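These notes concern the structure reproduced below.
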Amino acid sequence: MLKGRSVIEPSDLTVAEIDEICNLAEKMIVDPSAYIDVCHGKLLATLFFEPSTRTRLSFESAMLRLGGKVLGFADANATSTTKGETLADTIRVVSSFVDVIAMRNPKEGSSLLASHYSTVPIINAGDGGHHHPTQTLTDMLTIRQITGCFENHTICFCGDLKFGRTVHSLVEAMSRYTGTKFIFVSPQELAVPDYIINQVIKPARIEYKCAERLEDVIGEADILYMTRVQKERFFNEEDYIRLKDSYILDANKMKLAKDKMIVLHPLPRVNEIAVEVDDDPRAAYFKQVRYGMFARMALIAKVTGVL
Ligand code: CP
Numbered sequence: 021m022l023k024g025r026s027v028i029e030p031s032d033l034t035v036a037e038i039d040e041i042c043n044l045a046e047k048m049i050v051d052p053s054a055y056i057d058v059c060h061g062k063l064l065a066t067l068f069f070e071p072s073t074r075t076r077l078s079f080e081s082a083m084l085r086l087g088g089k090v091l092g093f094a095d096a097n098a099t100s101t102t103k104g105e106t107l108a109d110t111i112r113v114v115s116s117f118v119d120v121i122a123m124r125n126p127k128e129g130s131s132l133l134a135s136h137y138s139t140v141p142i143i144n145a146g147d148g149g150h151h152h153p154t155q156t157l158t159d160m161l162t163i164r165q166i167t168g169c170f171e172n173h174t175i176c177f178c179g180d181l182k183f184g185r186t187v188h189s190l191v192e193a194m195s196r197y198t199g200t201k202f203i204f205v206s207p208q209e210l211a212v213p214d215y216i217i218n219q220v221i222k223p224a225r226i227e228y229k230c231a232e233r234l235e236d237v238i239g240e241a242d243i244l245y246m247t248r249v250q251k252e253r254f255f256n257e258e259d260y261i262r263l264k265d266s267y268i269l270d271a272n273k274m275k276l277a278k279d280k281m282i283v284l285h286p287l288p289r290v291n292e293i294a295v296e297v298d299d300d301p302r303a304a305y306f307k308q309v310r311y312g313m314f315a316r317m318a319l320i321a322k323v324t325g326v327l
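Numbered per the working numbering, the sequence shown spans residues 21 to 327.
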């Protein structure tokens, strides 16, 4: 039962609940008109203390497509945070107005903290370099729509695996499926954090390996998950400039990949996927964006308890 529950990281959802959300999202994809009124009378707040295009707008379009309404802010500088109001107080206030809150904040752990003060479900829309569970639902719905299942995939994550919260969340979620294997491609400085290896991957007995060159391993991948180097999490500009173009997926590298491999990217993309790859039938990152709206529609419907 998801009604009334906050979703802070993928492990807040059981495998059965992820299936339930994806099943509902798939029904919504097939017949969206059947759901245009299910959230009538419900309100979603989108509290974005950090920039976003996809996540905020797909939450908002999701609620509007369910017949609900949306309020919120995309610029924390226009809120009483600037006067010194704490996140706890902001959440106490906003949760007295709405039925569900989607929140993004640059501080790791902020969504969990918010859930302690909220009287309505908090959906974490990204907390610093920590987690981004609705991106994971987006990624998983895309994987299931294209491949038909969650099992037996070798997933190659490439880019900024240290700060990339979407990587941490997808690893946490996919570690629970039979036959999952991971390949991590990054510069040493942007390697996947030790806590993900020691607390998630090793206990799940998942086979994994690390590499520094994408060309060496791309041929083994069923799913290639490209990521942007997260400029906003670097402490100095020089390091960012040195690392930002570490990996660029182009048509030549795609020649080394399996015919059925799919390329995912949470977006925004900067340089890490050449535009020439967009026309490759294996490029799924724009389909992924649309699936994200349906994944969020299903999640909103579940946590508000309307379905
Ligand atoms: N994927 C994602 O989180 O994109 P935005 O930062 O645009 O929301």
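Glycine included, each C-beta is placed from N, C-alpha and C at the ideal position. Bear in mind that the values here come from a model prediction, so they are computed numbers and not experimental data.
TODO: Express the C-alpha separation of R74 and G184 in angstroms, rounding to a whole number.
DONE: The residue you call residue 184 lines up with position 164 of the sequence shown. The residue you call residue 74 lines up with position 54 of the sequence shown. Looking at the two C-alpha atoms, the distance is approximately 16 angstroms.
Open item on the list: Helix, strand or coil for I226? Go by DSSP, reduced to three states.
Closed with: The residue you call residue 226 lines up with position 206 of the sequence shown. Coil.
Open item on the list: I293 and E240 - do their beta-carbons sit closer together than 8 angstroms?
Closed with: Along the sequence shown, read from residue 1 onward, the residue named residue 240 stands at position 220. Along the sequence shown, read from residue 1 onward, the residue named residue 293 stands at position 273. It is not a contact, given that the beta carbons lie outside the stated cut-off.
Open item on the list: In whole angstroms, give me the CA-to-CA distance for L107 and A94.
Closed with: Counting from 1 along the sequence shown, the entry for residue 107 is found at position 87. Counting from 1 along the sequence shown, the entry for residue 94 is found at position 74. One C-alpha to the other measures close to 15 angstroms.
Open item on the list: Checking 8 angstroms against the spacing of the C-beta atoms, do V140 and S100 come in under that value?
Closed with: Start at 1 with the first residue of the sequence shown, and residue 140 comes out as number 120. Start at 1 with the first residue of the sequence shown, and residue 100 comes out as number 80. Against a cut-off of 8 angstroms, the Cβ pair of S100 and V140 comes out as no contact.
- [ ] Would you mind giving the Cβ-Cβ distance between Y305 and L276, rounded to the nearest angstrom? I have them listed as a contact below 8 angstroms.
- [x] Numbered from its first residue, the sequence shown carries residue 305 at position 285. Numbered from its first residue, the sequence shown carries residue 276 at position 256. Going by Cβ atoms, the distance from Y305 to L276 rounds to 19 angstroms, so no, they are not a contact pair.
Task: beta strand (DSSP E) runs contained entirely in the segment 91-179, provided each spans 3 or more residues - done: 120-125, 142-147 and 174-178
Task: Reduced DSSP category for I41 - H, G, I as helix; E, B as strand; rest coil - done: In the sequence shown, counting from the first residue as 1, residue 41 sits at position 21. Note: I41 maps to helix in three-state DSSP.
Task: M123 burial status per 10 Å Cβ neighbour count (16 or more: buried) - done: In the sequence shown, residue 123 corresponds to position 103, counting from 1. By the 10 Å Cβ count, M123 comes out buried.
Task: Between the CA atoms of D180 and Q208 - distance to the nearest angstrom - done: Here residue 208 corresponds to residue number 188 of the sequence shown, with the count starting at 1. Here residue 180 corresponds to residue number 160 of the sequence shown, with the count starting at 1. Cα-Cα distance, rounded: 10 angstroms.
Task: Selected residue, minimal CA-CA separation from I166, among D242, D119, R25 and K222 - done: Here residue 166 refers to the residue found at position 146 when the sequence shown is read from its first residue. Considering only alpha carbons, the answer is D242.
TODO: Quick one: using the 10 Å Cβ neighbour count with 16 as the cut-off for buried, is V35 buried or exposed?
DONE: To locate residue 35, count along the sequence shown from 1; it is residue 15. Exposed, by the Cβ-count rule.
Open item on the list: For a test of the three-state rule: what should DSSP assign to Y267, helix, strand or coil?
Closed with: For the purposes of this step, residue 267 is taken as residue 247 along the sequence shown, with counting starting at 1. In this structure, Y267 counts as coil in the three-state DSSP scheme.
Task: Bounding residues of the alpha helix (DSSP H) (the contiguous stretch that carries M246) - done: Within the sequence shown, numbered from 1, the residue matching residue 246 stands at position 226. Premise fails: M246 lies in the beta strand (DSSP E), I243 to M246, not in any alpha helix (DSSP H).
- [ ] Look at the alpha carbon of L133 and the alpha carbon of A98, and state the distance between them as a whole number of angstroms.
- [x] For the purposes of this step, residue 133 is identified with residue 113 of the sequence shown, where counting begins at 1. For the purposes of this step, residue 98 is identified with residue 78 of the sequence shown, where counting begins at 1. Those two C-alpha atoms are separated by around 22 angstroms.
Open item on the list: Helix, strand or coil, according to DSSP, for F254 in the structure here?
Closed with: As a working note, residue 254 is residue 234 in the sequence shown. If DSSP states are grouped into helix, strand and coil, F254 belongs with coil.
Open item on the list: DSSP three-state label for V283, please.
Closed with: Mapped onto the sequence shown, residue 283 falls at position 263. DSSP places V283 in strand when its eight states are reduced to three.
Open item on the list: What would DSSP say about F204, mapped onto helix, strand or coil?
Closed with: On the sequence shown, position 184 is the one that residue 204 refers to. Residue state, collapsed to three classes: strand.
Task: Ordered list of beta strand (DSSP E) runs contained in the segment 24-78, each at least 3 residues - done: 63-68
Open item on the list: Alpha carbons only, please: which of L287, Q308 and T324 is nearest the one belonging to S72?
Closed with: Locating residue 72 in the sequence shown gives position 52, where the first residue counts as 1. For the residues L287, Q308 and T324, the minimum Cα distance to S72 belongs to L287.
- [ ] Could you work out which residue in L91, H173, E80 and E128 is closest to D147 when comparing CA atoms only?
- [x] Numbered from its first residue, the sequence shown carries residue 147 at position 127. Closest by alpha carbon: E128.
Open item on the list: For R310, report the span of its alpha helix (DSSP H) as first-last.
Closed with: Taking the first residue of the sequence shown as position 1, residue 310 is located at position 290. Note, R310: alpha helix (DSSP H), Y305 to V323.
TODO: Specify whether the segment 218-228 and the segment 182-202 touch according to this definition: at least 3 beta carbon pairs, one from each stretch, less than 8 angstroms apart.
DONE: yes
- [ ] Give a single yes or no on whether T75 has its beta carbon closer than 7 angstroms to a heavy atom of the ligand CP.
- [x] Numbered from its first residue, the sequence shown carries residue 75 at position 55. True, at least one ligand heavy atom lies under 7 angstroms from that Cβ.
Open item on the list: At a cut-off of 7 angstroms, would you count H188 as near the ligand CP, judging by its Cβ distance to the nearest heavy atom?
Closed with: In the sequence shown, residue 188 corresponds to position 168, counting from 1. No.
Open item on the list: Helix, strand or coil, according to DSSP, for K182 in the structure here?
Closed with: Here residue 182 is taken as the residue at index 162 of the sequence shown, counted from 1. Looking at K182 - three-state DSSP - the assignment turns out to be coil, as it is neither helix nor strand.
TODO: Have a look at the DSSP bridge pairing and note the partners of A231.
DONE: Within the sequence shown, the letter at position 211 stands for residue 231. In the DSSP output, where bridge partners are listed per residue, A231 has V205.
- [ ] State yes or no: is the C-beta of M317 within less than 8 angstroms of the C-beta of A45?
- [x] By one-based count along the sequence shown, residue 317 stands at place 297. By one-based count along the sequence shown, residue 45 stands at place 25. Contact flag set, yes.
Task: Assigned secondary structure, K89 (DSSP; H/G/I helix, E/B strand, else coil) - done: Taking the first residue of the sequence shown as 1, we reach residue 89 at position 69. The answer is strand: DSSP assigns K89 an E or B state.
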